[in-house]
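The structure under discussion appears below in the form of structure tokens.
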């Protein structure tokens with residue numbers, strides 16, 4: 005998602021990286037600016053959602069302060085986004101930003117062809133550079149702008165080649181930029197508990213410290229935004245604040261947040277008191293998973309899945325053109341099976357296809373490429389979730405999921421599998437597995453390696469559910485759906501597992517002395533012939549087979565395998581993968597694992613990588629140590645002493661030049677670990 009703006013900025017854990025945030029392809033600011041005929045700094049003045057029959061859209065009237073490019077319309081400037089709430093109907097669209105009254109941003113706009121005289125965001129969510137007035141910074145899905153008046157304004161004017169036209173003063177921004185911190189007024193966070201939580205489950209977090217203010221007033225708790233890896237913070241809805249005093253805050257960890265801009269994710273907490281002083285927690289709050297909530301009347305509600313198809317779940321229908329792509333269909337089917345075998349998710353595909361290729365609340369759970377209307381630039385895939393609310397006998401309001409649609413970019417360079425993506429391809433099975441997770445009502449988290457991690461890069465894949473995050477979150481949602489109050493008799497039911505050629509649940513490699521031990525586990529196997537262990541010095545195209553192990557054939561029982569690579573220590577990092585072959589000759593590959601070179605301890609890692617201003621480290625031991633960053637020529641460019649007791653300390657490098665560096669961790673006993681990192 006500290007005293008004063010500059011000091012606080014130096015302590016933020018920036019997690020933006022050159023990957024896909026919620027399945028977005030990063031678009032350079034220059035490209036986004038060039039594509040936007042109207043660019044303004046504005047405040048959201050009015051928000052109203054409108055029911056357009058099969059769809060809900062939300063119109064935002066903008067109060068404009070500055071124009072960076074283009075001509076304002078004669079009347080009100082209105083931004084239209086997909087989704088919203090009208091009465092007891094709700095439509096949620098992954099990748100579609102939601103905004104609340106009072107929020108400010110730079111909006112990159114283009115005319116909306118579906119709504120004459122209105123505008124939409126150019127490049128979808130990457131067309132919104134959202135302001136955080138508490139910190140006087142701006143953020144988009146991939147970058148945090150440390151200075152609105154300096155970095156952001158400078159970049160925009162340079163790219164447009166035009167001077168800024170001031171329409172009216174931005175009093176709120178000016179007041180924040182000119183505010184002087186009051187001595188002794190800064191809040192201090194001394195502790196919080198629990199340190200590991202879940203979002204959207206009404207888990208209560210207790211924050212202890214001082215300087216919070218006797219009453220909340222305009223104060224807030226900021227959670228790292230799971231939708232963008234923490235480049236911004238999100239704040240809970242009003243009812244989520246349970247208690248506020250000068251020394252303690254009790255608040256529920258949110259999934260529905262102000263403006264709907266994202267769920268709480270792993271990262272630091274930001275406290276803002278009623279007089280706008282701010283402070284960050286020293287440690288990260290860990291969020292294992294997030295469940296979708298509906299914001300109805302500024303009140304968060306959990307959502308139950310129901311048996312809409314009469315068989316305890318949801319039946320998906322392939323668009324005719326999508327189904328004609330047999331590789332895409334097979335990839336999507338594998339994703340359905342992964343969620344079914346992992347948690348019993350009740351999703352099935354219909355034997356017939358449909359000509360529908362648009363998202364609409366029409367009773368058809370369509371799976372389609374964007375043949376009719378292109379997704380916004382940079383968007384790989386989108387899940388549309390439709391909800392309805394009801395109450396029985398004047399009782400509490402209950403919300404249920406009525407339908408989901410899944411739309412994918414048809415022009416993308418996809419790898420449909422089962423081979424691994426290469427040459428800039430995007431892995432369709434990984435993307436569809438992630439989007440189906442949204443359909444199961446899972447939100448984003450910040451956890452590399454988990455299916456619901458907010459980002460996935462080109463040439464990478466993740467086709468295995470993470471037990472702590474994906475499996476636990478989906479089980480929590482399904483358990484709730486099995487017993488939650490609902491209107492009607494549409495009861496949800498788990499599905500039993502189905503046999504797959506191989507359901508691989510784990511593959512890992514660890515160095516033990518001069519050897520490498522590889523182990524893997526399968527949940528089920530069907531007509532499986534053998535596993536081949538392959539290795540590579542680069543992890544690209546130089547794979548060589550080391551050994552084969554017979555598979556179990558057909559079994560529904562879990563099986564564990566092990567192979568010992570007895571070769572001496574290698575001069576470079578070594579990569580491993582599994583090639584699994586069926587009796588009919590079909591071949592499937594695992595994800596790739598890496599074992600560090602002998603002089604690099606496997607316990608040292610850093611993320612995000614590439615990074616912008618800060619790195620979060622995973623160190624080999626919680627001992628006092630020295631960390632250095634060295635250029636590729638060996639010059640020491642940054643040194644930081646780490647205190648004892650931290651396994652995940654933060655390294656701050658705000659003034660470092662972009663490039664590749666060697667990160668070195670050295671303990672007092674001479675123990676050393678190294679890895680490479682890249683500064684953006």
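Numbering (the working numbering), first residue to last: 5 to 684. We put the beta carbon where it would ideally sit given N, CA and C, even for glycine.
Inset, instruction - List the residues that DSSP assigns as beta-bridge partners of residue 67. - result: Locating residue 67 in the chain shown gives position 63, where the first residue counts as 1. In the DSSP output, where bridge partners are listed per residue, residue 67 has 47.
Inset, instruction - Round the Cβ separation of residue 296 and residue 335 to the nearest angstrom and send it over; I've been treating them as touching at under 8 Å. - result: Translated into positions along the chain shown, residue 296 becomes position 292. Translated into positions along the chain shown, residue 335 becomes position 331. About 24 Å separates the two Cβ atoms, so there is no contact after all.
Legend entry - Opposing strand residues paired with residue 169 [DSSP bridges]: Taking the first residue of the chain shown as 1, we reach residue 169 at position 165. Residue 169 is bridged to 71.
Legend entry - Residue interval of the alpha helix (DSSP H) (run including residue 155): Sequence index remark: in the chain shown, residue 155 carries index 151 (1-based). Taken as a continuous stretch (DSSP letters only), residue 155 belongs to no alpha helix (DSSP H), as it is neither H nor E.
Inset, instruction - Buried or exposed for residue 265, please, with buried defined as at least 16 other CB atoms from any protein chain shown within 10 angstroms of its CB. - result: As a first step, residue 265 is located in the chain shown; it is residue number 261 there, counting from the start. Per the 10 Å Cβ criterion, buried.
Inset, instruction - Identify every residue that forms a DSSP beta bridge with residue 621. - result: Along the chain shown, one-based indexing puts residue 621 at 617. DSSP output for residue 621 lists 610 as bridge partner(s).
Inset, instruction - Taking only the alpha-carbon atoms, compute the straight-line gap between residue 40 and residue 142 and give it to the nearest angstrom. - result: Indexing the chain shown from 1 puts residue 40 at position 36. Indexing the chain shown from 1 puts residue 142 at position 138. Approximately 18 Å between the Cα atoms of the pair.
Inset, instruction - Tell me the start and end of each unbroken beta strand (DSSP E) in the segment 516-548 that is at least 3 residues and wholly inside, in chain order. - result: 519-540
Inset, instruction - Taking the CB atoms as reference points, tell me whether residue 46 and residue 82 lie closer together than 7 Å. - result: One-based indexing of the chain shown puts residue 46 at position 42. One-based indexing of the chain shown puts residue 82 at position 78. It is not a contact, given that the beta carbons lie outside the stated cut-off.
Inset, instruction - Count the other CB atoms, across all protein chains shown, that sit within 10 Å of the CB of residue 570; report buried if there are 16 or more and exposed otherwise. - result: As a first step, residue 570 must be located in the chain shown, where it is residue number 566. Result: exposed.
Inset, instruction - Take the Cβ of residue 127 as the centre, count every other Cβ of all protein chains shown within 10 Å, and call the residue buried at 16 or more, exposed below. - result: In the chain shown, residue 127 corresponds to position 123, counting from 1. The residue in question, residue 127, is buried, as its Cβ has 16 or more Cβ neighbours within 10 Å.
Legend entry - Between the CA atoms of residue 100 and residue 147 - distance to the nearest angstrom: Mapped onto the chain shown, residue 147 falls at position 143. Mapped onto the chain shown, residue 100 falls at position 96. So the two alpha carbons sit approximately 18 Å from each other.
Inset, instruction - May I ask you to verify whether the segment 342-352 touches the segment 469-478, counting CB pairs closer than 8 Å and requiring at least 3? - result: yes
Inset, instruction - Would you decide whether residue 58 is buried or exposed? Buried here means 16 or more other CB atoms lie within 10 Å of its CB. - result: The sequence position of residue 58 within the chain shown is 54, counting from 1. Flag for residue 58 reads exposed.
Inset, instruction - Determine which residues share a DSSP beta bridge with residue 702 and list them. - result: No information on residue 702 is available, as it lies outside the stretch 5 to 684 that the chain covers here.
Inset, instruction - Would you grab the beta carbon distance between residue 88 and residue 48 for me? Rounded to a whole angstrom, and I think it's under 8 Å. - result: Within the chain shown, the letter at position 84 stands for residue 88. Within the chain shown, the letter at position 44 stands for residue 48. About 13 Å; that fails the 8 Å criterion.
Legend entry - Inter-residue spacing [alpha-carbon to alpha-carbon] between residue 604 and residue 679: Looking up residue 604 in the chain shown gives position 600. Looking up residue 679 in the chain shown gives position 675. Low confidence applies to residue 604: its pLDDT is 43, below 50, so where it sits in the model is not reliable, and the reading given next is rough at best. Going from the Cα of residue 604 to the Cα of residue 679 covers about 7 Å.
Inset, instruction - Could you work out which residue in 84, 90 and 96 is closest to residue 111 when comparing CA atoms only? - result: To locate residue 111, count along the chain shown from 1; it is residue 107. Among 84, 90 and 96, the Cα nearest to that of residue 111 is on 84.
Inset, instruction - Locate the alpha helix (DSSP H) running through residue 592, then write down its first and last residues. - result: One-based indexing of the chain shown puts residue 592 at position 588. Here residue 592 belongs to no alpha helix (DSSP H); instead the beta strand (DSSP E) covers 591-593.
Inset, instruction - Take the Cβ of residue 515 as the centre, count every other Cβ of all protein chains shown within 10 Å, and call the residue buried at 16 or more, exposed below. - result: Locating residue 515 in the chain shown gives position 511, where the first residue counts as 1. Looking at its Cβ environment, which holds 16 or more other Cβ atoms inside 10 Å, residue 515 is buried.
Inset, instruction - Work out the CA separation of residue 396 and residue 311 for me, nearest whole Å. - result: Taking the chain shown and counting its residues from 1, one reaches residue 311 at position 307. Taking the chain shown and counting its residues from 1, one reaches residue 396 at position 392. Roughly 18 Å separates the two Cα atoms.
Legend entry - Same chain, Cβ closer than 6 Å to residue 390, neighbours up to 5 away in sequence not counted: By one-based count along the chain shown, residue 390 stands at place 386. Cβ neighbours of residue 390 beyond the five flanking positions: 95, 365, 406 and 407.
Legend entry - The alpha helix (DSSP H) enclosing residue 174, as first and last residue numbers: To locate residue 174, count along the chain shown from 1; it is residue 170. Unbroken run through residue 174: none, as it is neither H nor E.
Legend entry - Member of 373, 304 and 333 whose CA lies at the smallest distance from the CA of residue 355: Within the chain shown, residue 355 is the residue found at index 351, counting from 1. Among 373, 304 and 333, the Cα nearest to that of residue 355 belongs to 333.
Legend entry - Segments assigned beta strand (DSSP E), at least 3 residues, entirely inside the segment 287-328: 290-294, 297-300, 303-309 and 318-322
Legend entry - residue 677 vs residue 624 beta-carbon contact at 7 Å: In the chain shown, counting from the first residue as 1, residue 677 sits at position 673. In the chain shown, counting from the first residue as 1, residue 624 sits at position 620. Cβ atoms of residue 677 and residue 624: closer than 7 Å.
Legend entry - DSSP state of residue 575 mapped onto helix, strand, coil: As a first step, residue 575 is located in the chain shown; it is residue number 571 there, counting from the start. Low per-residue confidence applies at residue 575: pLDDT is 46, beneath 50, and the placement is therefore not dependable, though the value from the model is reported in the following sentence. Reduced to three states, the DSSP call for residue 575 is coil.
Legend entry - At least three beta-carbon pairs within less than 8 Å, the segment 150-159 to the segment 237-247: With the cut-off at 8 Å, the segment 150-159 and the segment 237-247 do not touch.
Inset, instruction - Take the Cβ of residue 568 as the centre, count every other Cβ of all protein chains shown within 10 Å, and call the residue buried at 16 or more, exposed below. - result: Residue 568 sits at position 564 when you count from the first residue of the chain shown. Exposed.
Legend entry - Three CB pairs or more closer than 8 Å across the segment 197-211 and the segment 162-169: In this structure the segment 197-211 does not lie against the segment 162-169, because fewer than three pairs of beta carbons, one per stretch, are closer than 8 Å.
Legend entry - C-beta atoms of residue 282 and residue 138 nearer than 7 Å: Your numbering for residue 282 matches position 278 in the chain shown. Your numbering for residue 138 matches position 134 in the chain shown. Between residue 282 and residue 138, the C-beta spacing is below 7 Å.
Inset, instruction - Assign residue 467 to one of two classes, buried (16 or more other C-beta atoms within 10 Å of its C-beta) or exposed (fewer than that). - result: Here residue 467 corresponds to residue number 463 of the chain shown, with the count starting at 1. Looking at its Cβ environment, which holds 16 or more other Cβ atoms inside 10 Å, residue 467 is buried.
Legend entry - Span separating the alpha-carbon of residue 410 from that of residue 438: Here residue 410 corresponds to residue number 406 of the chain shown, with the count starting at 1. Here residue 438 corresponds to residue number 434 of the chain shown, with the count starting at 1. Taking the straight line joining both Cα atoms gives about 11 Å.
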